[in-house]
Amino acid sequence: MTIVVGYRADQFGEVALEHGITRARATSSPLVLVCVSREDGRPTLKADELEQLRAEIRDKTGTEVSVRQPSGDDTSEEILTVAREVKAGLIIIGLRPRTAVGKLLMGSTAQRILMDAPVPVLAVKPGQAAAAVL
Numbered sequence: 002m003t004i005v006v007g008y009r010a011d012q013f014g015e016v017a018l019e020h021g022i023t024r025a026r027a028t029s030s031p032l033v034l035v036c037v038s039r040e041d042g043r044p045t046l047k048a049d050e051l052e053q054l055r056a057e058i059r060d061k062t063g064t065e066v067s068v069r070q071p072s073g074d075d076t077s078e079e080i081l082t083v084a085r086e087v088k089a090g091l092i093i094i095g096l097r098p099r100t101a102v103g104k105l106l107m108g109s110t111a112q113r114i115l116m117d118a119p120v121p122v123l124a125v126k127p128g129q130a131a132a133a134v135l
């Protein structure tokens, strides 16, 4: 079972990654990090930073890791597309707080992933220990 992690270099992406690594190790599953570029097309992380992260995870945990860095206007759709392409068995995302107005005007990336995902989704918040949800 391939595990897809929606990743950004912030506390929400880090908690999703932590849970992804824990799940991947527990199930001997490959991990695919999806790091969607910003709306203006600029990558959120440079290619060498992503390669360093991938190698670090592989070296420290023995987990098979690949990285995808799609660009598009809809982060949720980019994550779902990768999940379909790799035939993921699980998607893991970090939840970030949004104001009611922010959700109303722009919608919620997490909500769209939860509603449209073809596989189970694990949505985690900072402060939730990875072992606690296994």
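If you count the sequence shown from 1, position 130 lands on 131 in the working numbering, and the numbers rise without skipping.
No residue lacks a Cβ here, since even glycine has one placed at the ideal position from N, Cα and C.
Name the DSSP bridge partner or partners of residue 92? If you number the sequence shown from 1, residue 92 lands on position 91. Per DSSP, 5, 122.
Which of helix, strand or coil does DSSP assign to residue 35? For this step, residue 35 is matched to residue 34 along the sequence shown. Reduced to three states, the DSSP call for residue 35 is strand.
Give every residue of the same chain whose Cβ lies closer than 6 Å to the Cβ of residue 68, excluding the five residues on either side of it in the sequence, and list them in chain order. One-based indexing of the sequence shown puts residue 68 at position 67. Excluding residues within five positions, the ones whose Cβ falls inside 6 Å are 34, 51, 55.
Inter-residue CB distance, residue 16 and residue 32 (contact presumed, cutoff 8 Å): The residue given as residue 16 occupies position 15 in the sequence shown. The residue given as residue 32 occupies position 31 in the sequence shown. The Cβ separation is near 15 Å, so there is no contact.
How is residue 16 classed by DSSP in three states: helix, strand or coil? Counted from its first residue, the sequence shown places residue 16 at position 15. Looking at residue 16 - three-state DSSP - the assignment turns out to be helix.
Which one of 96, 120, 4 has the shortest CA to CA distance from residue 127? In the sequence shown, the residue the question calls residue 127 occupies position 126. Comparing Cα positions, the closest option is 96.
Boundaries of the alpha helix (DSSP H) in which residue 67 is found, first to last residue: Your numbering for residue 67 matches position 66 in the sequence shown. First-last for residue 67: 66-69, but that is the beta strand (DSSP E), not the alpha helix (DSSP H).
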